[in-house]
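Residue numbers for the sequence shown follow the working numbering, so the first one is 3 and each next one is one higher.
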Amino acid sequence: MLGGAVSSESGSGRPRVVVLGGGFAGLGAARKLEDADVDVVLVDANDYHSFQPMLYQLATGLLDTTAVAHSLRDLFQNQKNAIVHQATVSAIDLAGHEVQFADMPPLQYDYLVVGLGAIVQFFGCNGAAENAFPLYTVEDALRLRSHIVERWEAADRDPSLVQDGALNVVVVGGGPTGIESVGALSELYGSDFLKDYRGVPAGTARLTLVEAGPTLFPMFKPDIREYAHHELEERGVEVMVGERVEAVEPTRVKLASGTVLSAHTLVWGAGLQANPLTESLGVELQKGNRLAVDPELRLPDHPEVFAVGDAAWITDAATGEVLPQLGSVALQAGEQAGENIARLVAGKEPKPFKYHDKGTMAAIARGAAVAQLHGGRTMKGELAFLAWGAVHLTLLSAWEDRTKAMVDWTWGGFTHERPGRILVGEKEK
Ligand SMILES: Cc1cc2nc3c(=O)[nH]c(=O)nc-3n(C[C@H](O)[C@H](O)[C@H](O)COP(=O)(O)OP(=O)(O)OC[C@H]3O[C@@H](n4cnc5c(N)ncnc54)[C@H](O)[C@@H]3O)c2cc1C
Numbered sequence: 003m004l005g006g007a008v009s010s011e012s013g014s015g016r017p018r019v020v021v022l023g024g025g026f027a028g029l030g031a032a033r034k035l036e037d038a039d040v041d042v043v044l045v046d047a048n049d050y051h052s053f054q055p056m057l058y059q060l061a062t063g064l065l066d067t068t069a070v071a072h073s074l075r076d077l078f079q080n081q082k083n084a085i086v087h088q089a090t091v092s093a094i095d096l097a098g099h100e101v102q103f104a105d106m107p108p109l110q111y112d113y114l115v116v117g118l119g120a121i122v123q124f125f126g127c128n129g130a131a132e133n134a135f136p137l138y139t140v141e142d143a144l145r146l147r148s149h150i151v152e153r154w155e156a157a158d159r160d161p162s163l164v165q166d167g168a169l170n171v172v173v174v175g176g177g178p179t180g181i182e183s184v185g186a187l188s189e190l191y192g193s194d195f196l197k198d199y200r201g202v203p204a205g206t207a208r209l210t211l212v213e214a215g216p217t218l219f220p221m222f223k224p225d226i227r228e229y230a231h232h233e234l235e236e237r238g239v240e241v242m243v244g245e246r247v248e249a250v251e252p253t254r255v256k257l258a259s260g261t262v263l264s265a266h267t268l269v270w271g272a273g274l275q276a277n278p279l280t281e282s283l284g285v286e287l288q289k290g291n292r293l294a295v296d297p298e299l300r301l302p303d304h305p306e307v308f309a310v311g312d313a314a315w316i317t318d319a320a321t322g323e324v325l326p327q328l329g330s331v332a333l334q335a336g337e338q339a340g341e342n343i344a345r346l347v348a349g350k351e352p353k354p355f356k357y358h359d360k361g362t363m364a365a366i367a368r369g370a371a372v373a374q375l376h377g378g379r380t381m382k383g384e385l386a387f388l389a390w391g392a393v394h395l396t397l398l399s400a401w402e403d404r405t406k407a408m409v410d411w412t413w414g415g416f417t418h419e420r421p422g423r424i425l426v427g428e429k430e431k
């Protein structure tokens, strides 16, 4: 045990590992500690783990909430050395080895894992914080789903709203989040909604994807970019590259070029920054306020504190490259942090983190996905769609969730039906 640190809450005398965040990174770390001689305390502001990569499927009615959010207590039911608290971290005192919470007494730690993820970044775009729909949390996805269904219901009651852009959606960001979201919306608009709202003059409804850079999918090779562009246009999506959103109003989107788009919905899939708590730690930060870590994933000068996932700036020990903010990176880094803590407790040296790249993938629509594998090989279409499904199933946190997602995808694949397209929650004025 580290000198001067406080022993575990259970009075076991074993080192206490506090894991902040029950995302991919936190789950990876806490699970890897199952056999270690420690007490694990996992804390998250929510009582569930969210599966961000499929939030757009929740937002467009293909999956339901329990397919993308899993009870943390359920996930740790059988891990004897772990307990879960639902509480919101308000401060971390690195010198005092203590975490403070908005709604729970402070916790002292011997080892700390910071896996607090990231939040949306609007890059100072006027009106975006008030009027845009980000897609980073389960609440975001449900809010977007309700808003879109509500706009269709409103247009059903008053068809003149269609001319005002009630059904139009602008999606910002030509990376995976933006492309997957607009692709899923095109399916929802092109099948279910047309049949659901037969009286609505929906022929003029526009789905527009706006990307500030010169191309979609900048992280992929040119053949994938061209394929994605073509597949979206085939599905009726208007793709605007080299255009920057300057202001978002409730029913209008203004581009820096002067173009004004009528749209009652703007989905923001354009950027993120590390959890704001990173700024309060008084340690070195990298781009996007990410915490710089050493090869073993520890904060410099704080060898008992590990930072992993979207909140961290992780360099792959094998390639020397900074790793992207991806679920697979977060999960593997979390696991490495857990393993390293277990090694330290057992008196062994920690190991540097090496990322096992299974490729970068995105699903544009049913049967149309892209994948760029380690080594540069690319895949497009049905085969890439199967690879995307397989990789995402492995990321899901429980077999129950994998089965649920497979059943829903298969059902959706055969019937083209999105059973979650219902209006739940507060009604908009
Ligand atoms: C729409 C979308 C699509 C994506 N698609 C893919 C994809 O296809 N493939 C892929 O590999 N990656 C994808 N990603 C990225 C991937 O989801 C993230 O890289 C990953 O979730 C990061 O994991 P994490 O554990 O670091 O953070 P998170 O999963 O964000 O977890 C952070 C946790 O910290 C908790 N938390 C935050 N603040 C506090 C606080 N103050 N107190 C207590 N708890 C707090 C949160 O509730 C959350 O549970 C996608 C992301 C998004 C948003």
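Every residue gets a Cβ at the ideal spot worked out from N, C-alpha and C, and that includes glycine.
Given the structure is predicted, the values throughout are model-derived calculations rather than measurements.
message: Distance check for T396 and S9, CA to CA, integer angstroms please.
response: Against the sequence shown, residue 9 aligns to sequence position 7. Against the sequence shown, residue 396 aligns to sequence position 394. Since pLDDT at S9 reaches only 42, below the 50 mark, its modelled position is unreliable, and the value read off the structure follows with that caveat. C-alpha separation (whole angstroms): 35 Å.
- request: Could you spell out the range, first to last residue, of the beta strand (DSSP E) harbouring S92?
  value: As a first step, residue 92 must be located in the sequence shown, where it is residue number 90. Per DSSP, S92 belongs to the beta strand (DSSP E) from 91 to 95.
- request: Under 8 Å Cβ to Cβ from F2, same chain only, skipping five residues before and after it: list those, please.
  value: Only positions 3 to 431 of the chain appear in this structure, which leaves residue 2 out of reach.
- request: Evaluate F222 with the Cβ neighbour count: other Cβ atoms within 10 Å of its Cβ, from every protein chain shown; 16 or more gives buried, anything less gives exposed.
  value: In the sequence shown, residue 222 corresponds to position 220, counting from 1. It is buried - the Cβ of F222 has at least 16 other Cβ atoms within 10 Å.
- prompt: Cβ atoms of P224 and D112: under 7 Å apart, would you say?
  reply: In the sequence shown, the residue the question calls residue 112 occupies position 110. In the sequence shown, the residue the question calls residue 224 occupies position 222. Not a contact, by the Cβ cut-off of 7 Å.
- request: Name, in chain order, the residues that DSSP records as bridge partners for D46.
  value: Translated into the one-based positions of the sequence shown, residue 46 becomes position 44. D46 pairs with Q88.
message: For the alpha helix (DSSP H) containing A38, name the first residue and the last one.
response: As a working note, residue 38 is residue 36 in the sequence shown. Segment: none, A38 is in no alpha helix (DSSP H) and carries neither H nor E.
- request: Out of A93, L77, I94, state which residue places its alpha-carbon closest to the alpha-carbon of V86.
  value: The residue labelled residue 86 in the question sits at position 84 within the sequence shown. Minimum Cα distance to V86 is reached at L77.
task: Indicate whether the contact test is met: 3 or more Cβ pairs, each with one atom in the region 333 to 346 and one in the region 269 to 289, closer than 8 Å.
output: no
Member of A204, E323, V171 whose CA lies at the smallest distance from the CA of R254: Position 252 of the sequence shown, counted from the start, is the residue given in the question as residue 254. R254 has its Cα closest to that of V171, out of A204, E323, V171.
message: In chain order, what are the residue ranges of uninterrupted alpha helix (DSSP H) at least 4 long that sit wholly in the region 186 to 217?
response: Taking 4 residues as the shortest admissible run, the region 186 to 217 contains the following complete alpha helix (DSSP H) segments, listed from N- to C-terminal end: 194 to 198.
query: Within 6 Å: the Cβ of Y138 and any heavy atom of ligand 1?
result: The count along the sequence shown starts at 1 and reaches residue 138 at position 136. True, at least one ligand heavy atom lies under 6 Å from that Cβ.
- request: Leaving aside the five residues before and after E251 along the sequence, list all residues of the same chain whose C-beta is less than 8 Å from its C-beta, in chain order.
  value: For this step, residue 251 is matched to residue 249 along the sequence shown. Excluding positions up to five away in sequence, the list reads G129, N133.
- prompt: Would you report the Cα separation of E141 and V70, rounded to the nearest angstrom?
  reply: Position 139 of the sequence shown, counted from the start, is the residue given in the question as residue 141. Position 68 of the sequence shown, counted from the start, is the residue given in the question as residue 70. Cα-Cα distance, rounded: 11 Å.
message: Comparing C-alpha positions only, which one of A84, K406, S183 sits nearest to G30?
response: On the sequence shown, position 28 is the one that residue 30 refers to. Residue A84 is the option with its Cα nearest to G30.
query: Would the beta-carbon of A156 fall within 7 Å of that of L169?
result: Looking up residue 156 in the sequence shown gives position 154. Looking up residue 169 in the sequence shown gives position 167. No, these two residues do not count as a Cβ contact at 7 Å.
query: Nearest-angstrom Cα distance between V174 and G273?
result: Taking the first residue of the sequence shown as position 1, residue 174 is located at position 172. Taking the first residue of the sequence shown as position 1, residue 273 is located at position 271. Distance from the CA of V174 to the CA of G273, rounded to the nearest whole angstrom, comes to 9 Å.
query: How is the alpha helix (DSSP H) around R145 delimited, first residue to last?
result: One-based indexing of the sequence shown puts residue 145 at position 143. Unbroken alpha helix (DSSP H) run through R145: 140 to 159.
- prompt: Run through DSSP, which three-state label would R345 get?
  reply: Start at 1 with the first residue of the sequence shown, and residue 345 comes out as number 343. Residue state, collapsed to three classes: helix.
- prompt: So K256 and E245 are in contact, right, with Cβ under 8 Å, and what is the actual spacing, rounded?
  reply: Position 254 of the sequence shown, counted from the start, is the residue given in the question as residue 256. Position 243 of the sequence shown, counted from the start, is the residue given in the question as residue 245. Not really, about 11 Å apart at Cβ, beyond 8 Å.
- request: With DSSP as the reference, label Q102 as helix, strand or coil.
  value: Walking along the sequence shown from the start, residue 102 turns up at place 100. Q102 falls in the strand class under three-state DSSP.
- prompt: Does the Cβ of K382 have 16 or more other Cβ atoms within 10 Å, making it buried, or fewer, making it exposed?
  reply: Locating residue 382 in the sequence shown gives position 380, counting from the first residue. Burial call: buried.
Environment of S399 [buried if 16+ CB atoms lie within 10 Å]: Locating residue 399 in the sequence shown gives position 397, counting from the first residue. Buried, since its Cβ has 16 or more Cβ neighbours within 10 Å.
- prompt: Ordered along the chain, which non-local residues of its own chain (more than five positions away) have a Cβ less than 6 Å from that of G290?
  reply: Sequence index remark: in the sequence shown, residue 290 carries index 288 (1-based). Only Q275, A276 meet the Cβ criterion.
query: Residue ranges of each beta strand (DSSP E) run of no fewer than 3 residues wholly in the region 224 to 266, ordered along the chain?
result: 239 to 243, 247 to 250, 254 to 257, 262 to 264
query: Would you call E189 buried or exposed, if buried means 16 or more other Cβ atoms sit within 10 Å of its Cβ?
result: The residue given as residue 189 occupies position 187 in the sequence shown. Per the 10 Å Cβ criterion, buried.
task: Check Q59 in the structure and name its three-state DSSP category.
output: As a first step, residue 59 must be located in the sequence shown, where it is residue number 57. In the structure shown, Q59 sits in a helix (DSSP, three-state: H, G or I).
query: Between L346 and P354, is the Cβ-Cβ spacing less than 7 Å?
result: As a working mapping, residue 346 is identified with position 344 in the sequence shown. As a working mapping, residue 354 is identified with position 352 in the sequence shown. Not a contact, by the Cβ cut-off of 7 Å.
message: Quick check: what's the CA-CA separation for V40 versus V20?
response: Position 38 of the sequence shown, counting from 1, holds the residue named residue 40. Position 18 of the sequence shown, counting from 1, holds the residue named residue 20. So the two alpha carbons sit approximately 10 Å from each other.
query: Got a sec: does ligand 1 put a non-hydrogen atom nearer than 6 Å to the Cβ of L57?
result: For the purposes of this step, residue 57 is taken as the residue at position 55 of the sequence shown. Yes, since a heavy atom of ligand 1 falls inside the 6 Å radius drawn around the Cβ of L57.
message: Here's the rule I'm using: 16 or more other beta-carbon atoms within 10 Å means buried, otherwise exposed. How should D312 be labelled?
response: Translated into the one-based positions of the sequence shown, residue 312 becomes position 310. Buried, by the Cβ-count rule.
- request: List the residues that DSSP assigns as beta-bridge partners of T380.
  value: As a working note, residue 380 is residue 378 in the sequence shown. According to DSSP, T380 bridges with Q374.
- prompt: Who are V171's beta bridge partners in DSSP?
  reply: Here residue 171 refers to the residue found at position 169 when the sequence shown is read from its first residue. BP columns for V171 point to L209, T267.
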